[in-house]
Amino acid sequence: MKFSKTLITTAILGFSLASFHYTAWADTPAQQFQQGFEAATREDYQTAFKLWLPLAEQGDADAQYNLGLMYDNGRGVKQDDFEAVKWYRKAAEQGYADAQFNLGNMYANGRGVKQDDFEAVKWYRKAAEQGNVSAQFNLGVMYDNGQGVKQDDFEALKWYRKAAEQGDASAQFNLGLMYGNGQGVKQDDFEAVKWFKKAAEQGYADAQVNLGSAYSAGRGVKQDDFKAVKWFKKAAENGSENGQFKLGLSYLIGRGIQKDRTLAKEWFGKACDNGYQIGCEYYGKLNRGEL
Numbered sequence: 100m101k102f103s104k105t106l107i108t109t110a111i112l113g114f115s116l117a118s119f120h121y122t123a124w125a126d127t128p129a130q131q132f133q134q135g136f137e138a139a140t141r142e143d144y145q146t147a148f149k150l151w152l153p154l155a156e157q158g159d160a161d162a163q164y165n166l167g168l169m170y171d172n173g174r175g176v177k178q179d180d181f182e183a184v185k186w187y188r189k190a191a192e193q194g195y196a197d198a199q200f201n202l203g204n205m206y207a208n209g210r211g212v213k214q215d216d217f218e219a220v221k222w223y224r225k226a227a228e229q230g231n232v233s234a235q236f237n238l239g240v241m242y243d244n245g246q247g248v249k250q251d252d253f254e255a256l257k258w259y260r261k262a263a264e265q266g267d268a269s270a271q272f273n274l275g276l277m278y279g280n281g282q283g284v285k286q287d288d289f290e291a292v293k294w295f296k297k298a299a300e301q302g303y304a305d306a307q308v309n310l311g312s313a314y315s316a317g318r319g320v321k322q323d324d325f326k327a328v329k330w331f332k333k334a335a336e337n338g339s340e341n342g343q344f345k346l347g348l349s350y351l352i353g354r355g356i357q358k359d360r361t362l363a364k365e366w367f368g369k370a371c372d373n374g375y376q377i378g379c380e381y382y383g384k385l386n387r388g389e390l
């Protein structure tokens, strides 16, 4: 049984909406920065912008990063990808990890700059080497997919592990996939389950499905239909179409839960509504009395 690797190709598209940063100093610029921070906290972004702009122009990396966020998200200013890139770059060139990560995302997505996976990798790496967990994950994705860098399972595994050990659920899931499929590491169902469980306990739906599948098959854990249903249900309630289908199937055959054709049909219908074709097929067959 191959575990589904659904997240890998799309994870890079996610953009981090990091919170405004505040660093305390004891001089007047610090007081001005703090006033801007307080204004942003009460969502008075125009005032925050006016206070931070002169600081950013003087080279303050925190203020530069925050201006990047404001232009990125249209807070206090008109949304402008080019200005966002400009300010992220200024902070990134000073070694500001979050700005390096966001600049990497701008290159990866072609926002405010020409799309360039090589530049994305460059900035992700700088942030990742400083311990930025999101950059570590995205760098793992780039190595996994061979985007902007030569495909390398071992490097992908390395960066997923770094992010996973910091508690990143997406990285934990992908690390579980690497172990489950023997990609860049010796195949190990027990390690796969270990990482799926960590991600599942954080509410990560795909990991919940895979953990349920592991219990259902007795792969890396003692076979347990009741625990399988438990995790399928969590995934289904989190909107996973695969989880919804598997929960429907559990109700249909009465495995790990009392047989209930009405609930089976309901969950097949939810999976179908979410675009899961086999869910549509089972829903139709139940309607026609073919199951």
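Numbering (the working numbering), first residue to last: 100 to 390.
Every residue gets a Cβ at the ideal spot worked out from N, C-alpha and C, and that includes glycine.
Residue state for D179 is assigned as coil, using DSSP reduced to three classes.
Under the three-pair Cβ rule at 8 Å, the segment 162 to 175 counts as touching the segment 184 to 199.
Annotation: the continuous alpha helix (DSSP H) that includes N341 extends over E340 to I352. Residue range Y144 to E156 is occupied by the alpha helix (DSSP H) that includes L154. For a cut-off of 8 Å, the C-beta gap from A160 to Q199 is around 11 Å, too long to register as a contact.
A residue is called buried once 16 or more other Cβ atoms fall within 10 Å of its Cβ, and N386, having fewer, is exposed.
For R260, the enclosing alpha helix (DSSP H) begins and ends at D252 to E264. Looking at the backbone, the Cα of Y195 and that of G135 are separated by about 19 Å. Sequence-distant partners of A268 (beyond 5 residues in either direction) whose C-beta falls short of 6 Å from its own C-beta, in its chain, are A298, Q301 and Y303. Secondary structure in the segment 255 to 339: the alpha helix (DSSP H) runs of 4 residues or longer, each lying completely within the stretch, are 268 to 280, 288 to 299, 304 to 316 and 324 to 336 in chain order.
With 16 or more other CB atoms across the displayed protein chains lying within 10 angstroms of its CB, R260 is buried.
Ranked by how close their Cα comes to the Cα of R360, the residues C371, E228, F253 and L351 have L351 in first place.
V248: not part of any alpha helix (DSSP H); DSSP gives it neither H nor E. Of the residues assessed, E156 falls on the exposed side of the cut-off, its CB having fewer than 16 other CB atoms within 10 angstroms. Per DSSP, reduced to three states, the secondary structure at L390 is coil, with no helix or strand assignment.
Q282 and A262 do not touch by the CB rule: their CB atoms are close to 16 Å apart, not below 8 Å.
In the three-state scheme derived from DSSP, where H, G and I count as helix and E and B as strand, V220 is classed as helix.
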